[in-house]
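Colleague: In our numbering, the protein residues as written are 29 to 330.
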């Protein structure tokens, strides 16, 4: 076992394009780089069949499952308490075209085990946002809580979004700090009109899952996973708000994660569990696709 009490600097100069470090960096979402148009959401085969039958991509509302999600509860709190950013919170909460959600992340491996005791499902949807979609970032402990960027990463003034909220494609929702029992982050898809394309069971998705499983298994076989319990227990969320290059191999892993809990620690046991869950991926039958681009081209499979 490698005993490491202090961070070990990553060797940036020797990290080639196929190195473990470079492969992890592809999955990083940071405070400086959080605009993502290509997202993945785990779900159940039953929900895929509903899509196959012509149902909508975004299905969850504030009342789904009888209890509001943390995102919807936060919108309520911001509006009812008149907190900074309450104007946009009200728009997202009360605008009919923005009220349906689906929760996603950039890398399937980072959410495959779920946040709580149950997984979200073995089926996977890939969602691609329109190039002109605006991504909002909501971090309630920041001042201001909202920031906005277009698909190219350029900042967009809040006034423009309040005037044209239909430009919002997703919200990068970030909850960090000691007050969170499990710090987490997510992309909240909230506007189906800004979904350029979605797909299920395609060769590209299958290959993405295979690549991520190989990455996780390679990490499990590396010295990174053999570090001391102290190092493996480092929290992930500080890396979500850090700036600059990742200082350690563990930082690179943390910057890819959506949930800061025990099951996503970079130890051998946890990494092998993630790889096993990725092996359960269910393409759910013939590939299907939809979205604005598919509808325009006439190739929708719904």
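The beta carbon of each residue, even a glycine, is placed where N, CA and C say it ideally should be.
Computed from a predicted model, the values in this text were never measured in an experiment.
Between residue 296 and the rest of its own chain, which residues show a CB-CB distance below 8 Å, the 5 nearest in sequence each way excluded?
Modeller: Your numbering for residue 296 matches position 268 in the chain shown. Within the same chain, residue 296 has close Cβ partners 248, 253, 254.
Colleague: Locate the beta strand (DSSP E) running through residue 214, then write down its first and last residues.
Modeller: Position 186 of the chain shown, counting from 1, holds the residue named residue 214. Note, residue 214: beta strand (DSSP E), 212-217.
Colleague: I'd like to know if the stretch 129-136 and the stretch 186-196 are in contact, where contact means that at least 3 CB-CB pairs between them fall below 8 Å.
Modeller: no
Colleague: Could you check the C-alpha separation between residue 317 and residue 250 for me, to the nearest Å?
Modeller: Position 289 of the chain shown, counted from the start, is the residue given in the question as residue 317. Position 222 of the chain shown, counted from the start, is the residue given in the question as residue 250. Going from the Cα of residue 317 to the Cα of residue 250 covers about 37 Å.
Colleague: Tell me which residues share the same chain as residue 42 and place their Cβ nearer than 6 Å to its Cβ, disregarding the 5 neighbours each side in the sequence.
Modeller: Counted from its first residue, the chain shown places residue 42 at position 14. Annotation note: pLDDT 43 at residue 42 (below 50); position unreliable, coordinate value reported separately. Hits under 6 Å: none found.
Colleague: With a threshold of 16 other CB atoms inside 10 Å of the CB of residue 39, please say whether the residue is buried or exposed.
Modeller: Residue mapping note: residue 39 aligns to position 11 of the chain shown, counting from 1. For residue 39, the predicted structure reports a pLDDT of 37, less than 50, and the residue's modelled location is therefore unreliable. The matter cannot be settled from this model.
Colleague: Indicate the three-state DSSP secondary structure (helix, strand or coil) for residue 278 in the structure shown.
Modeller: Here residue 278 is taken as the residue at index 250 of the chain shown, counted from 1. Residue 278 falls in the helix class under three-state DSSP.
Colleague: Closest by CA to residue 269, which one among 162, 258, 283, 96?
Modeller: Along the chain shown, read from residue 1 onward, the residue named residue 269 stands at position 241. Nearest option by C-alpha distance: 283.
Colleague: Excluding the 5 residues flanking residue 309 on each side, which residues of the same chain have their C-beta closer than 7 Å to its C-beta?
Modeller: Sequence index remark: in the chain shown, residue 309 carries index 281 (1-based). Within the same chain, residue 309 has close Cβ partners 150, 152, 237.
Colleague: What three-state label does DSSP hand residue 47 in the structure shown?
Modeller: Numbered from 1 along the chain shown, position 19 holds the residue referred to as residue 47. Correct three-state label for residue 47: coil.
Colleague: Specify, as a first and last residue, the run of the beta strand (DSSP E) that residue 225 falls within.
Modeller: Residue mapping note: residue 225 aligns to position 197 of the chain shown, counting from 1. Start and end: 223-228.
Colleague: Can you tell which of 123, 68, 143 has the C-alpha that lies nearest to the C-alpha of residue 208?
Modeller: Here the question's residue 208 lines up with position 180 in the chain shown. Nearest option by C-alpha distance: 143.
Colleague: Identify, in the order they occur along the chain, each residue of the same chain with its Cβ nearer than 6 Å to the Cβ of residue 51, setting aside the five sequence neighbours on each side.
Modeller: By one-based count along the chain shown, residue 51 stands at place 23. If we look at residue 51 and ignore the five residues flanking it on each side, its Cβ neighbours are 243.
Colleague: Whose C-alpha, out of 59, 311, 141, is nearest the C-alpha of residue 232?
Modeller: Indexing the chain shown from 1 puts residue 232 at position 204. Checked all of 59, 311, 141; the closest Cα to residue 232 is 311.
Colleague: In the DSSP output, what is residue 198 paired with across the bridge?
Modeller: Here residue 198 refers to the residue found at position 170 when the chain shown is read from its first residue. Bridge partners of residue 198 according to DSSP: 163, 217.
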